[in-house]
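Here this note's numbering is used: the first residue of the sequence shown is 1014, the next is one more, and so on.
By construction, the Cβ of each residue, glycine as well, lies at the ideal position given by its N, Cα and C atoms.
Read through the structure below, which is laid out as C-alpha cells, and then see the notes.
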Amino acid sequence: MSLSGNRVLVVGGGSGIGFAVAQAARAAGAVVTIASTSAERIAEAADRLSVQGAVIDVTDEAAVEAFFAAADGFEHIVTTAGDWGGPRRGPLADVDLAAAEGLFRVRFWGAVALAKHGAKVLTPGGSITLTDGMIAHRPTKGSAISTAMAGAVEHLTRGLAVELAPIRVNCVCPGLIRTGVWDRIPEERREAQFTEMTKGQLVPRIGEPGEAAEAYLYLMRGGYTTGQVLFVEGGSALGA
Ligand SMILES: NC(=O)c1ccc[n+]([C@@H]2O[C@H](COP(=O)([O-])OP(=O)(O)OC[C@H]3O[C@@H](n4cnc5c(N)ncnc54)[C@H](OP(=O)(O)O)[C@@H]3O)[C@@H](O)[C@H]2O)c1
C-alpha cells in the first residue's frame, strides 16, 4: 500500500521519533500534518519539514474533538506524544498516587481521545498507530507505574483494533532511541551512558529516530496488519 497522497497526522511530530515519522512519511509522498502543544515548536518543525502544523493538547478532549471536527479527514493517525515530567521513577513507597495517575494522561488517555475522535474522520482502510516503550516488558526497580502505563497502551491497541475495525490499530514499542529526551544526560557522559545502557542488547547501540520511523511507516502501509505491537528495540527483550 502506497502512502502517496495519503493524509497523515503525526501527534508529537515536532520532535524526536514523531519528527522522524513525519519526515519519512513526507518522503514517501504523504501529505503530513504534525501537532503538539507548543505552537512555537510546531511552527518551527513544520517549517523545517515543509509540512502543515497544528496545535493539539491530547489531554484536552474538547480540543481534540474540535480539531477533528474541523479536519477534512486523514488516512493515518500516529501518536508519539509523551511528556517527561512527574514521578516516572522512584520507590513505590514514595509514590504520590494522584501524581502517578497523571502519568497516564498523555500517553494513555491522550491516545484514547485521539482514537475516539480521530476514528470519525479516518477513511476506510485507515490506521491509528500508538506508541509505548520497552519499560512495559523490561521493568526496572522504581518503574512499576510506568510499566503499567506502557503495558496499558499495548492492551488499548488490541481493544481498539477490535472496537474500531475495519480501521487498523497498531502500536510501536521503541527501545532506547536517540532523541532530545536524553539531552538531560550531560553531553560529556551521554555516549558512555548509551553504551552502558545498551551493552546487553543483541544490537548493542542506541537506535536512531529514522530506524523507529520505519516501523510506523510499515504499520501505516501494512493493510493486513492490525492489533499488533511492533518492537524496535535492538533485541533488548532477548538480551542480557
Ligand atoms: N526516545 C526513547 O528512547 C523512547 C524509548 C521508549 C519509548 N519512547 C516513547 O516514544 C514517544 C516519543 O518519544 P521521543 O523520544 O520522540 O520524545 P519527544 O521528542 O519528547 O516527543 C514527544 C512529543 O510529544 C509532544 N507532547 C507532549 N505532551 C503532549 C500533549 N499533551 N499533547 C500533544 N503532544 C504532546 C511534545 O511536544 P510539545 O512539548 O510541543 O507538546 C513532543 O513533540 C514517547 O511516548 C516515549 O515514551 C521513547
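Item	Value
DSSP three-state assignment for Leu1173, whether helix, strand or coil	helix
Other residues of its chain near Met1162: CB distance less than 7 Å, five sequence neighbours each side excluded	Leu1116, Phe1117, Arg1120 and Phe1121
Short CB-CB distance (under 8 Å) between Asp1085 and chain D	Absent from the structure: chain D. Only one protein chain is present.
Arg1234, enclosing alpha helix (DSSP H) - first and last residue	Pro1222 to Arg1234
Cβ neighbour criterion (16 or more within 10 Å) applied to Asp1196	exposed
At least 3 beta-carbon pairs within less than 8 Å: the region 1066 to 1076 vs the region 1163 to 1172	no
Residues near Gly1155 by beta carbon distance below 7 Å, same chain, minus five either side	Arg1102, Gly1103 and Pro1104
Which of helix, strand or coil DSSP assigns to Gly1164	helix
3-residue-minimum beta strand (DSSP E) runs that sit fully inside the region 1065 to 1118, ordered along the chain	1065 to 1068 and 1087 to 1092
Neighbourhood of Gln1241 by C-beta distance below 6 Å, restricted to the same chain and skipping five residues each side	Asn1183
Backbone CA spacing between Arg1234 and Glu1201 [nearest angstrom]	40 Å
Ala1128 versus Leu1173: straight-line alpha-carbon distance, rounded	8 Å
Ile1090 Cβ short of 7 Å to ligand 1 heavy atom set	no
C-alpha gap between Gly1146 and Ala1082, whole angstroms	30 Å
Endpoints, alpha helix (DSSP H) assigned at Val1203	It is worth fixing the name first, because residue 1203 is Arg in this sequence and not Val. Residues Glu1200 to Thr1211.
Counted within 10 angstroms of its Cβ, other Cβ atoms place Arg1191 as buried (16 or more) or exposed	buried
Whether Leu1062 touches Gln1036 by CB criterion (8 Å)	yes
Identity of the residue in Val1245, Val1077 and Ala1178 nearest Ile1219 by Cα	Val1245
Among Ala1041, Ala1079, Ile1030 and Glu1078, the one whose alpha carbon lies nearest that of Ala1058	Ile1030
Beta-carbon gap between Ala1253 and Gly1213 smaller than 8 Å	yes
Cβ distance (whole Å) where Ala1048 is taken to contact Ala1067 below 8 Å	4 Å
Distance CB(Gly1138)-CB(Pro1187) smaller than 8 Å	no
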